[in-house]
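Scroll down for the structure; my scribbles are underneath it.
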Amino acid sequence: MKIGTTNVRISTIHVMVVAIFTIFLMYAYFISRDTRMLIWGIATLILLLLIPLGLNYMSQREYAEFRPQYEREARATRIKLINTNMVGEPVRIEGLVEKVRFQFLNRPQYMIADRSGEISVRMYTQPEERINVGDVVEVLGSVMKRYIVSGDAIINGISIKKINKTNDAKNTGNRK
Numbered sequence: 007m008k009i010g011t012t013n014v015r016i017s018t019i020h021v022m023v024v025a026i027f028t029i030f031l032m033y034a035y036f037i038s039r040d041t042r043m044l045i046w047g048i049a050t051l052i053l054l055l056l057i058p059l060g061l062n063y064m065s066q067r068e069y070a071e072f073r074p075q076y077e078r079e080a081r082a083t084r085i086k087l088i089n090t091n092m093v094g095e096p097v098r099i100e101g102l103v104e105k106v107r108f109q110f111l112n113r114p115q116y117m118i119a120d121r122s123g124e125i126s127v128r129m130y131t132q133p134e135e136r137i138n139v140g141d142v143v144e145v146l147g148s149v150m151k152r153y154i155v156s157g158d159a160i161i162n163g164i165s166i167k168k169i170n171k172t173n174d175a176k177n178t179g180n181r182k
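The sequence shown begins at 7 in this note's numbering and counts up by one.
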């Protein structure tokens with residue numbers, strides 16, 4: 007679903023919760039024939055859909071506002087050079103997606119690797135485009151510790167988008 011220019015998605019878990027609640031509501035209504043319960047149940051179903059959509063919309067909009075700032079300030083960094091001394095610094099990395107987790111929750115985590123190493127990238131909202139294993143991507147984000155107080159360095163992703171290295175190389179070659 008699109009609200010303005012913001013692409014809003016609801017997670018699979020939320021859809022399943024609404025479906026299960028709908029089944030329970032239908033069963034309870036057919037047993038009791040209580041219309042007040044049906045009215046309140048339908049209102050609750052609507053809220054169960056609207057609240058996650060609203061939260062996702064706010065997250066997507068917030069990340070879209072941060073993106074230009076990160077594009078200006080983030081410096082290109084090799085993954086091997088990212089460490090806990092860089093906590094809070096904006097970074098830009100390019101690499102290959104080796105693993106994707108929790109995409110169904112709209113809170114995806116990616117394992118991104120370049121020739122120097124690999125790092126975990128966590129996003130707290132779904133990216134604009136679907137990222138799969140094997141995609142070459144550019145990530146904008148800030149460095150943080152895995153467990154807030156301790157742990158290795160990871161990236162809190164603000165933006166992740168696919169890049170096509172072969173097309174970039176061809177375009178660069180055509181300019182010369």
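Note that beta-carbon positions come from the ideal geometry of N, C-alpha and C, so glycine has one too.
Checklist entry - Beta-carbon separation of Val143 and Gly94 under 8 Å? => result Locating residue 143 in the sequence shown gives position 137, counting from the first residue. Locating residue 94 in the sequence shown gives position 88, counting from the first residue. No, the pair does not count as a contact, with Cβ atoms beyond the cut-off.
Item to check | Selection from Ser17, Leu61, Leu53, Val97 that minimises the alpha carbon distance to Gly147 | outcome: Residue mapping note: residue 147 aligns to position 141 of the sequence shown, counting from 1. The option with the nearest alpha carbon to Gly147 is Val97.
Checklist entry - DSSP on Gln75, reduced to helix/strand/coil? => result Within the sequence shown, numbered from 1, the residue matching residue 75 stands at position 69. Gln75 falls in the helix class under three-state DSSP.
Next on the checklist: Does the structure place the stretch 15-26 close enough to the stretch 53-64 that three or more beta carbon pairs sit under 8 Å?
Outcome noted: yes
Next on the checklist: According to DSSP, Leu146 sits in a beta bridge with which residue or residues?
Outcome noted: Start at 1 with the first residue of the sequence shown, and residue 146 comes out as number 140. Answer is Arg98, Ser165.
Checklist entry - When you compare each of Asn162, Asp158, Ser38, Asn13 to Pro114 by their alpha carbons, which one comes out closest? => result Here residue 114 is taken as the residue at index 108 of the sequence shown, counted from 1. The option with the nearest alpha carbon to Pro114 is Asn162.
Item to check | Reference Gly128, options Glu135, Ser165, Ser156, closest by Cα | outcome: For this step, residue 128 is matched to residue 122 along the sequence shown. The amino acid occupying residue 128 in the given sequence is Arg; Gly does not appear at that position. Among Glu135, Ser165, Ser156, the Cα nearest to that of Arg128 belongs to Ser165.
Item to check | Identity of the residues DSSP links to Ile29 by a beta bridge | outcome: Here residue 29 corresponds to residue number 23 of the sequence shown, with the count starting at 1. None; Ile29 has no bridge partner.
Next on the checklist: Going by C-alpha to C-alpha distance, which of Thr90, Ile125, Asn13, Asp120 sits closest to Ile154?
Outcome noted: In the sequence shown, the residue the question calls residue 154 occupies position 148. The shortest C-alpha separation from Ile154 is found at Thr90.
Next on the checklist: For Gly140, report the span of its beta strand (DSSP E) as first-last.
Outcome noted: The residue given as residue 140 occupies position 134 in the sequence shown. Run containing Gly140: none; DSSP gives neither H nor E here.
Item to check | Per DSSP, the bridge partner or partners of Glu68 | outcome: What you label residue 68 is simply residue 62 of the sequence shown in a count that begins at 1. According to DSSP, Glu68 bridges with nothing at all.
Next on the checklist: Just verifying my parser: in three-state terms, what is the DSSP assignment at Arg5?
Outcome noted: As shown, the chain starts at 7 and ends at 182. That puts residue 5 outside it, with no answer to give.
Next on the checklist: Applying the 10 Å Cβ sphere with the 16-neighbour rule, what's the burial state of Ala82?
Outcome noted: Residue 82 sits at position 76 when you count from the first residue of the sequence shown. Flag for Ala82 reads exposed.
Checklist entry - Could you give the residue range of the beta strand (DSSP E) that holds Tyr116? => result In the sequence shown, counting from the first residue as 1, residue 116 sits at position 110. Element bounds for Tyr116: 115-120.
Checklist entry - Shortest alpha-carbon distance to Glu135 belongs to which of Ile169, Ala159, Met150, Ala34? => result Locating residue 135 in the sequence shown gives position 129, counting from the first residue. Checking every option, the nearest Cα to that of Glu135 belongs to Ile169.
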